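To convert, take the position in the sequence shown, counting from 1, and add 198; that gives our numbering. Ideal placement from N, C-alpha and C gives every residue a C-beta, glycine not left out. This structure is a prediction, so every number in the text was calculated from the model and none was measured. Inspection log for the structure reproduced underneath, given as structure tokens.
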Amino acid sequence: MWGELVRTADQMNGMIFPRLLALAERAWHKASWEDLEGGERNKEIGEDWVKFANTLGYRELGRLDKMGMAYRVPPPIARVICKEAVCNKLHVTTELPGLKVEFSTDDGLTWNDITAETEVNGDIKLRTRSADQNRFSRVIRLDRTHWRKG
């Protein structure tokens, strides 16, 4: 961020938030795992990340929205699950818990929420919504020609 051309406050906020919150957390808080080694350290780091990510996704992003901060909305992570040569189950997750993922099968004209029952039969576009539901991540596309059959 420091060597890049930033033209607007929203562009700057998108580049530094929510990363700045992670930096602040590490700078002002000594984690219990910092003095550990090996497997126990890795276990504690994982647990600490889950707690931090949940706090960020379920609480802090909403606060940033209320403050008018245009933080980065991460795109969804998705894969199509193939079973018995049929590829139609969509599995999605997000970098931060609590953010909703939407899909479009008509090239972005309409968007619907992903549910556990969502099935796909062709090309699909996906995006993540901000905590206040007013902004979106960049759109990612899952192209049917790249799905691998089991």
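Buried or exposed (CB count within 10 angstroms, at least 16 for buried), residue i
i      : result
Leu294 : buried
Glu315 : exposed
Leu221 : exposed
Leu254 : buried
Leu297 : buried
Leu203 : exposed
Arg205 : exposed
Other residues of its chain near residue i: CB distance less than 6 Å, five sequence neighbours each side excluded
i      : result
Thr292 : Pro274, Thr326
Ile312 : Val290, Val299, Phe301
Gly306 : Lys323
Neighbourhood of residue i by C-beta, 7 Å cutoff - its chain only, sequence neighbours within 5 removed
i      : result
Asp246 : Ala229, Trp231
Gly348 : A caution first: Gly348 carries a pLDDT of 48, below 50, which makes its placement in the model unreliable, though a value can still be read off. Excluding positions up to five away in sequence, the list reads Cys280, Lys281, Glu282, Ala283.
Glu223 : Phe250
Asp341 : Asp321
Asn286 : Glu317, Val318, Asn319
Arg239 : Trp231
Beta carbon of residue i nearer than 7 Å to that of residue j
i      : j      : result
Val337 : Leu288 : no
Ile153 : Thr303 : No answer is possible for residue 153: the residues shown for the chain start at 199 and end at 348.
Arg270 : Gly201 : no
Met267 : Phe334 : no
Asp263 : Asp330 : yes
Nearest-angstrom Cβ-Cβ length linking residue i and residue j, presumed shorter than 8 Å
i      : j      : result
Leu219 : Glu258 : 6 Å
Cβ shell of residue i (< 8 Å), same chain only, five flanking positions each side left out
i      : result
Asp208 : Ala268
Val278 : Cys285, Asn286, Lys287, Leu288, His289, Val318, Leu340, Trp345
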